[in-house]
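Protein chains in written order, with the numbering used here: chain A, 1 to 327; chain B, 1001 to 1321. For each residue, glycine too, the CB sits at the ideal point set by N, CA and C.
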Amino acid sequence: MIQCNKSNSRVLVTRDLPTEAKQLLLASGVQATIRYDENKISKEDVLQGITGCHGLLCTLNPSIDKEILDAAGPNLMTISTVSVGFDHIDIEECKRRNITVGHTPGVLTNAVAELTMGLLLATARRIREAFDVIDSGERCPRKVLWLCGTQLSRKTIGIVGLGRIGLAVAKRLHAFEVDKILYTALSEKSQAKEVDGEFVDFDALLQQSDIVIVCCALTSETKGLFNKSAFAAMKNSAIFINTSRGSVVNQEDLYEALTSNQIRAAGLDVTTPEPLPTDHPLKKLKNCVIFPHLGSATIETRNEMWTTAVRNLIAGLNNEPLPCPVY
Amino acid sequence: MVRIYVTRCLPEDSVSLLQKTGLEVLMRSTDDAVPREELINGISGCTALICMLTDKIDKEVLDAAGPNLKVIATVSVGFDHINLDECRKRNILVSNTPRVSTDAVAELTVGLLLATSRRLMECVNAVKNGDWKSWGLLWMCGTELRGSSVGIFGLGRIGIAIAARLQSFGVKQFYYTDIVEVPQASKFGAEKVDLDNLLSKSDFVIINCALTAETRGLFNEETFAKMKKNSFLINAARGGVINQKDLYKALTSGTIRGAGLDVTDPEPMEKDDPLLTLNNCVILPHIGSNTIETRTEMANLAVNNVLAALDGKALLTQVPY
């Protein structure tokens, strides 16, 4: 149980919450306006609902930009996002206005790392194609190399960004008898020792890796990082996996790379936009597996994320240090 | 004059291996099953045969081969398709390719488990069908391995390889059921239990046993009733171990949560099999060892067995008569 110190604290919650988190929120004494609509909340909905609010509890959409912060007005003290990523929030503007921002790192690490492995295996072992064969009732030819995928054992893995999630993915891969784990990051990480990780520069990672996995945050440096020249530098047999943010990848360049044998296959849990339009060219490719942003999609993890987000929110309203502040 | 007859086009690496020997090689140019007539013609007078599961090597084929045939190397673990008795009579050595596919099968089993527990195929279909609306609170939420109990029925090489990989996902407890005590089980703190205990304690049950008279149809209505309601059943061993009609009942009545099958009985399944209609049953067309690396290794092993025989040396992986 947590208590909000100030009575009449108004918060906007952009979508319905799981039971445990909702009880925690309502029992705290805040006046919460919860949007129950199943459909994606629009920017207009937020602009209307946020006026005069002291707190905002939100997810990845819409982006919390200057316009929304202006609409909120001077009451707004704290923003709590139910995600580890915060690229959808104008952090600099929040800093200027002394608005604290909370997020949910750590609690979703395992679920996302697990999903990343599932995506990697689905892509490398062509599970989606195999599943489609069964679905369509196609006869399976008994060929030596029919539906043969790429084995993980004895391969070189390259992880872009060895943060919590990158390290958790590396730990899982370590058990698959891979040859080497390379990583890039802003600086060397001591925890890389746990997986015998080798710190290399981006070009070396691209050239040497059989499997490239993107686990970095979306920042101005990483936006569009995977473009024509990055894919050209990769091995023709390489598998590319992205479970970070869609905008790290230039999707047109990825399509080119996948259709001209520059890389073997790609698995994406994140795209730009989300959802991807029905007729998007990447959807038509056999060697591109697309998941609908499942990273943290387990009941246990979602519950923990929302509960953490509520705790961040109440702490922010109470002017106390947030359990998980962005800055 | 030594001649090697190969009934399929082999992976690139294996072809190079053969070419380096300088021996005469007659190899089918495509990667599909050789018609019987062509097999009978091609094998005539050859010294060595490299064949596949799809080639029935019976008395007629061996007669057609003639007295030069010294060795038959099948690119498979199974050798049901070869008349061993006839080979023994004619002093023809036979080899297969066991143990090469452990890593490939272990990887696929983990992939199949994740596809089942995290509802990956359901989600892929949702993306395809335009059902992906936006980031949903509990939409398509699956189950984590973290904190779970995993029960492995049959802890051989492949079972151990699966456990080694799953351990890094935060599994709380491994159980196994086997005829023997398995020393490597201690690496994962795996507790040996009888089948009933494995079923009642495990969140994930992974079938890894051989198909025998004892295990055929072992996973039936009675067995499923002993499993946890939220549990998942994963089978990448042999389809015949599961009674598929009972599995359908178990999956549609909430007796168990989901199943992932890389093997079925028969293969391929009948197009109208009801299991194919279920969202909580992921079925793959037996792709356990389908990797370029493993197929190449199997083909190379077959080639090396042939070269050993031609050299008068012991075969690497001889099938005992």
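Task: 9 Å Cβ cutoff, residue 222 of chain A in contact with chain B - done: On the first sequence, residue 222 of chain A is found 222 positions in, with the first residue counted as 1. Interface annotation, residue 222 of chain A: not in contact with chain B, CB-CB separation never under 9 Å.
Task: C-beta neighbour in chain A for residue 982 of chain B, strict 9 Å - done: Residue 982 of chain B cannot be examined here, being either before or after the span of chain B that is shown, 1001 to 1321.
Open item on the list: Please list the terminal residues of the continuous beta strand (DSSP E) segment that includes residue 66 of chain A.
Closed with: To locate residue 66 of chain A, count along the first sequence from 1; it is residue 66. Careful: residue 66 of chain A lies outside any beta strand (DSSP E), inside the alpha helix (DSSP H) at 66-72.
- [ ] Pair every Cβ in the segment 178-190 of chain A with every Cβ in the segment 52-66 of chain A, then say whether three or more of these pairs are closer than 8 Å.
- [x] Verdict: no, contact absent.
Open item on the list: DSSP three-state label for residue 27 of chain A, please.
Closed with: Here the question's residue 27 of chain A lines up with position 27 in the first sequence. Residue 27 of chain A falls in the helix class under three-state DSSP.
Task: chain B residues whose Cβ lies nearer than 8 Å to that of residue 291 of chain A - done: In the first sequence, residue 291 of chain A corresponds to position 291, counting from 1. What residue 291 of chain A touches in chain B: 1120, 1123, 1124, 1127.
Task: Cβ-based contacts, 8 Å cut-off: residues of the segment 125-144 of chain A near chain B - done: Of all residues in the segment 125-144 of chain A, 125, 126, 127, 128, 130, 131, 133, 134, 135, 137, 139, 140, 141, 142, 143, 144 have a Cβ within less than 8 Å of some Cβ in chain B.
Open item on the list: I'd like to know whether the C-beta atoms of residue 1073 of chain B and residue 1303 of chain B end up nearer to each other than 9 Å.
Closed with: Here residue 1073 of chain B is taken as the residue at index 73 of the second sequence, counted from 1. Here residue 1303 of chain B is taken as the residue at index 303 of the second sequence, counted from 1. Result yes, Cβ atoms of residue 1073 of chain B and residue 1303 of chain B sit closer than 9 Å.
Task: Own chain partners of residue 1264 of chain B with C-beta closer than 6 Å, once the 5 adjacent residues on each side are dropped - done: Here residue 1264 of chain B corresponds to residue number 264 of the second sequence, with the count starting at 1. If we look at residue 1264 of chain B and ignore the five residues flanking it on each side, its Cβ neighbours are 1239.
Open item on the list: Let me check one thing: in DSSP terms, what residues is residue 1169 of chain B bridge-paired to?
Closed with: Locating residue 1169 of chain B in the second sequence gives position 169, counting from the first residue. In the DSSP assignment, residue 1169 of chain B is bridged to no other residue.
TODO: Determine the closest residue to residue 230 of chain A out of A/203, A/171, A/123, A/310, with distance taken between C-alpha atoms.
DONE: Translated into the one-based positions of the first sequence, residue 230 of chain A becomes position 230. Of the candidates A/203, A/171, A/123, A/310, the one whose C-alpha sits nearest the C-alpha of residue 230 of chain A is A/203.
- [ ] Let me know the beta strand (DSSP E) ranges lying completely inside the segment 1140-1213 of chain B, each 3 residues or longer, listed in chain order.
- [x] Listed in chain order, the complete beta strand (DSSP E) runs (minimum 3 residues) inside the segment 1140-1213 of chain B are 1149-1153, 1173-1177, 1204-1207.
Task: Distance CB(residue 266 of chain A)-CB(residue 289 of chain A) smaller than 9 Å - done: Within the first sequence, residue 266 of chain A is the residue found at index 266, counting from 1. Within the first sequence, residue 289 of chain A is the residue found at index 289, counting from 1. Cβ distance < 9 Å, so residue 266 of chain A and residue 289 of chain A count as in contact.
Task: Given residue 1152 of chain B as reference, the closest of B/1065, B/1176, B/1056 once Cα atoms are compared - done: By 1-based counting over the second sequence, the position of residue 1152 of chain B is 152. Per the Cα distances, B/1176.
- [ ] Would you tell me roughly how many angstroms separate the C-alpha atoms of residue 1297 of chain B and residue 151 of chain A, rounded to the nearest one?
- [x] Along the second sequence, one-based indexing puts residue 1297 of chain B at 297. Along the first sequence, one-based indexing puts residue 151 of chain A at 151. Distance from the CA atom of residue 1297 of chain B to the CA atom of residue 151 of chain A, rounded to whole angstroms, is 12 Å.
TODO: Identify each residue in the segment 259-288 of chain A for which the Cβ-Cβ distance to at least one residue of chain B is less than 8 Å, and report them in chain order.
DONE: Hits within the stretch, in order: 274, 275, 276, 278, 283.
TODO: With residue 239 of chain A as the anchor, note down where its beta strand (DSSP E) starts and where it stops.
DONE: Sequence index remark: in the first sequence, residue 239 of chain A carries index 239 (1-based). Element bounds for residue 239 of chain A: 239-242.
- [ ] Please list the segments of the alpha helix (DSSP H) lying wholly inside the segment 141-206 of chain A, counting only runs of 4 or more residues, in order along the chain.
- [x] Runs of the alpha helix (DSSP H) inside the segment 141-206 of chain A: 164-174.
- [ ] Tell me, to the nearest whole angstrom, how far the beta carbon of residue 109 of chain A is from that of residue 241 of chain A; I am working on the premise that it is less than 8 Å.
- [x] Here the question's residue 109 of chain A lines up with position 109 in the first sequence. Here the question's residue 241 of chain A lines up with position 241 in the first sequence. Here residue 109 of chain A is actually not in contact with residue 241 of chain A; their C-beta atoms are around 17 Å apart, not less than 8 Å.
- [ ] Quick one: residues in its chain with C-beta nearer than 7 Å to the C-beta of residue 1274 of chain B, no 5 flanking neighbours on either side, listed in chain order?
- [x] Start at 1 with the first residue of the second sequence, and residue 1274 of chain B comes out as number 274. Result list for residue 1274 of chain B: 1248, in chain order.
Open item on the list: Let me check one thing: in DSSP terms, what residues is residue 1235 of chain B bridge-paired to?
Closed with: Counted from its first residue, the second sequence places residue 1235 of chain B at position 235. B/1207, B/1261.
Open item on the list: Let's see if you can read the secondary structure: which residues bound the alpha helix (DSSP H) around residue 1003 of chain B?
Closed with: As a first step, residue 1003 of chain B is located in the second sequence; it is residue number 3 there, counting from the start. Per DSSP, residue 1003 of chain B belongs to no alpha helix (DSSP H); it is in the beta strand (DSSP E), 1003-1006.
Open item on the list: Helix, strand or coil for residue 80 of chain A? Go by DSSP, reduced to three states.
Closed with: As a first step, residue 80 of chain A is located in the first sequence; it is residue number 80 there, counting from the start. Strand.
- [ ] Please go through the same chain and pick out, in chain order, the residues whose beta-carbon is closer than 7 Å to the beta-carbon of residue 987 of chain B, but skip the five residues on each side of it.
- [x] Missing from the structure shown is residue 987 of chain B; chain B here goes from 1001 to 1321 and no further.
Task: Bridge partners - residue 1308 of chain B, DSSP secondary structure assignment - done: By one-based count along the second sequence, residue 1308 of chain B stands at place 308. BP columns for residue 1308 of chain B are empty, so no partner.
Open item on the list: Please report whether the beta-carbon of residue 1242 of chain B lies at a distance below 9 Å from any beta-carbon of chain A.
Closed with: Against the second sequence, residue 1242 of chain B aligns to sequence position 242. So no, residue 1242 of chain B is outside the interface.
Task: Endpoints, alpha helix (DSSP H) assigned at residue 120 of chain A - done: For the purposes of this step, residue 120 of chain A is taken as residue 120 along the first sequence, with counting starting at 1. Residue 120 of chain A -> alpha helix (DSSP H) spans 109-124.
TODO: May I ask which residues mark the beginning and end of the alpha helix (DSSP H) holding residue 310 of chain A?
DONE: Residue numbering aside, residue 310 of chain A sits at position 310 when the first sequence is read from its first letter. Unbroken alpha helix (DSSP H) run through residue 310 of chain A: 299-317.
Open item on the list: For residue 310 of chain A, which residues in the same chain have their Cβ closer than 6 Å to its Cβ, ignoring the five residues on either side in sequence?
Closed with: Indexing the first sequence from 1 puts residue 310 of chain A at position 310. The residues are 21, 24, 25.
- [ ] Answer yes or no: does any C-beta atom of chain C fall closer than 9 Å to that of residue 301 of chain A?
- [x] In summary, chain C is missing from the structure at hand, where the protein chains are A and B.
TODO: Look at the alpha carbon of residue 225 of chain A and the alpha carbon of residue 1233 of chain B, and state the distance between them as a whole number of angstroms.
DONE: By 1-based counting over the first sequence, the position of residue 225 of chain A is 225. By 1-based counting over the second sequence, the position of residue 1233 of chain B is 233. Their Cα atoms are separated by approximately 41 Å.
Open item on the list: If I measure Cβ to Cβ from residue 1282 of chain B and keep anything under 6 Å in the same chain, skipping five residues before and after, which residues do I get?
Closed with: Reading the second sequence from its first residue, position 282 is the one you call residue 1282 of chain B. Only residues of its own chain outside the window of five on either side were considered, and among them 1115, 1116, 1121, 1260 have a CB closer than 6 Å to the CB of residue 1282 of chain B, listed in chain order.
Task: residue 58 of chain A: first and last residue of the uninterrupted beta strand (DSSP E) it sits in - done: Sequence index remark: in the first sequence, residue 58 of chain A carries index 58 (1-based). The continuous beta strand (DSSP E) containing residue 58 of chain A extends over residues 55-58.
TODO: Would you kindly report the start and end of the unbroken alpha helix (DSSP H) that includes residue 1064 of chain B?
DONE: Numbered from its first residue, the second sequence carries residue 1064 of chain B at position 64. 1059-1065 is the span of the alpha helix (DSSP H), which, as asked, contains residue 1064 of chain B.
Open item on the list: Quick check: what's the CA-CA separation for residue 78 of chain A versus residue 46 of chain A?
Closed with: In the first sequence, residue 78 of chain A corresponds to position 78, counting from 1. In the first sequence, residue 46 of chain A corresponds to position 46, counting from 1. If you take the alpha carbons of residue 78 of chain A and residue 46 of chain A, they lie about 15 Å apart.
- [ ] Check whether the Cβ atoms of residue 158 of chain A and residue 121 of chain A lie closer than 9 Å to each other.
- [x] For the purposes of this step, residue 158 of chain A is taken as residue 158 along the first sequence, with counting starting at 1. For the purposes of this step, residue 121 of chain A is taken as residue 121 along the first sequence, with counting starting at 1. No, these two residues do not count as a Cβ contact at 9 Å.
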